[in-house]
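Peer 1:
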Amino acid sequence: VLGGAPATETRWPWQVSVHYAGFHVCGGSIVDEYWVLSAAHCFHRDKSLETFDLYVGLTNLKAARNHTQWFEVNQVILHPSYQMYHPIGGDVALVQLKSRITFSDAVLPVCLAPADLNLTGLACWATGWGLISQQGHSSEELQEARLPLIPIAMCRLLYGHRSYIMQDMLCAGDIWNWKTVCEGDSGGPLVCEINETWLQIGIVSWGRGCAQPMYPGVYARVSHFSRWIRYHIQVVPTPPQPTPALSPALPSTLSVLVAMLVSLSAL
Amino acid sequence: WVRGPPKSPRNSSRGDPACGRRAVPGK
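These protein sequence lines are chains A and B, in that order.
Sequence positions in the first sequence follow our numbering and run 5 to 271.
Sequence positions in the second sequence follow our numbering and run 59 to 85.
This is the structure:
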């Protein structure tokens with residue numbers, strides 16, 4: 005996040021860090037005890053699912069706290085329009101975890117924006133561990149920035165070509181104060197507060213550079229995908245849980261039994 | 059092949075928190 009500030013702990017309890025091969029690569033958000041919402045481009049190009057790790061309850065990438073939890077990926081569902089029209093639009097991924105998230109004050113799900121949400125006048129925030137300067141500096145502390153929403157017509161004008169900004173996208177950025185999202189923030193949430201409830205309206209997706217204020221950040225519009233997201237969360241079975249292992253404990257159990265029998269027979 | 063256990067119902071008695079609600083400050 006360019007022009008942001010470090011976030012305090014537990015302020016963004018739905019924030020997820022997606023690691024690949026041990027490094028933070030993307031953001032995400034908790035939408036269910038088994039599901040994380042992120043960007044499709046974070047997971048495409050035949051990346052190995054086994055190499056991903058997801059962290060929740062984290063504000064400093066180098067300092068796990070007692071509420072930090074680590075997860076492996078069970079499966080990733082990319083939105084079909086991303087697979088059809090890549091790289092334009094549909095930049096949404098649903099990530100199913102191998103085990104369930106334990107919710108706490110520091111780890112909570114965010115609400116999905118409904119399809120009929122009126123975005124006018126909302127106070128919205130983006131968060132992430134992406135680059136914090138045009139020179140490529142990054143931050144280990146989660147950054148936050150309050151970003152105004154930019155009407156889609158204005159965003160199309162700024163980008164200069166009508167087809168770049170599609171109906172399943174929205175734009176946000178503070179073009180006067182140079183605040184916007186950047187590389188490494190992808191997949192993270194754009195959230196707005198309504199009646200003391202935080203709704204996710206966007207998923208960080210793309211932009212033309214980060215340091216050119218006339219090109220705001222472009223987000224996948226969550227309300228466009230909310231039915232698809234809810235459907236998969238409801239119908240996809242939870243991952244199979246490992247059964248308790250009997251074999252490693254068996255030899256010691258047997259030896260105890262044998263010892264008991266021997267001692268009984270000696271009486 | 060195993061499809062996994064059936065999904066538990068939404069808003070079950072395990073007391074899943076409401077979405078989008080931060081913990082009360084000082085809690």
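We put the beta carbon where it would ideally sit given N, CA and C, even for glycine.
Please identify the residue among A:Asp120, A:Ala67, A:Arg69, A:Val222 whose C-alpha is closest to the C-alpha of Gly191 of chain A.
Peer 2: Gly191 of chain A has its Cα closest to that of A:Val222, out of A:Asp120, A:Ala67, A:Arg69, A:Val222.
Peer 1: Tell me which same chain residues have a C-beta within less than 6 Å of the C-beta of Val35 of chain A, skipping the five on either side of it?
Peer 2: Only Leu41, Pro113 meet the Cβ criterion.
Peer 1: What span of residues does the alpha helix (DSSP H) with Cys159 of chain A cover, start to end?
Peer 2: 156 to 163 is the span of the alpha helix (DSSP H), which, as asked, contains Cys159 of chain A.
Peer 1: Look at the alpha carbon of Leu53 of chain A and the alpha carbon of Val111 of chain A, and state the distance between them as a whole number of angstroms.
Peer 2: So the alpha carbons of these two residues sit roughly 23 Å apart.
Peer 1: From the beta carbon of Pro246 of chain A, is the nearest beta carbon of chain B less than 8 Å away?
Peer 2: No, Pro246 of chain A lies away from the interface with chain B (no Cβ there is under 8 Å from its Cβ).
Peer 1: With H, G and I counted as helix, E and B as strand and the rest as coil, what does DSSP make of Met173 of chain A?
Peer 2: Here Met173 of chain A sits in strand by DSSP.
Peer 1: Have a look at the DSSP bridge pairing and note the partners of Tyr223 of chain A.
Peer 2: Paired residues: A:Leu174, A:Val208.
Peer 1: Using DSSP bridges, identify the partner residues of Gln79 of chain A.
Peer 2: In DSSP, Gln79 of chain A forms a bridge with A:Gln100.
Peer 1: Can a CB atom of chain A be found closer than 8 Å to the CB of Val60 of chain B?
Peer 2: Residue placement at Val60 of chain B cannot be trusted, given a pLDDT of 36 that sits under 50; what the coordinates show is reported in the next sentence. Cβ-Cβ to chain A under 8 Å: yes for Val60 of chain B.
Peer 1: Find the residues of chain B that neighbour Trp202 of chain A, judging by a C-beta separation of less than 9 Å, and give them in chain order.
Peer 2: Going along chain B in sequence order, the residues near Trp202 of chain A (Cβ under 9 Å) are Cys77, Gly78, Arg79, Arg80.
Peer 1: I want to see whether chain B comes within less than 8 Å of Val208 of chain A, judged by CB atoms only; does it?
Peer 2: For Val208 of chain A, the answer is no, since every Cβ of chain B falls outside 8 Å of its Cβ.
Peer 1: Output the boundary residues of the beta strand (DSSP E) element that contains Asp189 of chain A.
Peer 2: No beta strand (DSSP E) holds Asp189 of chain A; DSSP gives it neither H nor E.
Peer 1: Could you work out which residue in A:Ser227, A:Ile198, A:Gln19 is closest to Gly125 of chain A when comparing CA atoms only?
Peer 2: Selected option, being the one with the closest Cα: A:Ile198.
Peer 1: Count the CB pairs spanning the region 130 to 149 of chain A and the region 176 to 192 of chain A that are closer than 8 Å, and state whether there are at least three.
Peer 2: Yes, since at least three Cβ pairs between the region 130 to 149 of chain A and the region 176 to 192 of chain A fall closer than 8 Å, the two stretches touch.
Peer 1: Would you mind working out which of A:Ala97, A:Gln19, A:Gln138, A:Ala25 sits nearest Ala130 of chain A, comparing C-alpha positions?
Peer 2: Taking only the C-alpha atoms, the option nearest Ala130 of chain A is A:Gln19.
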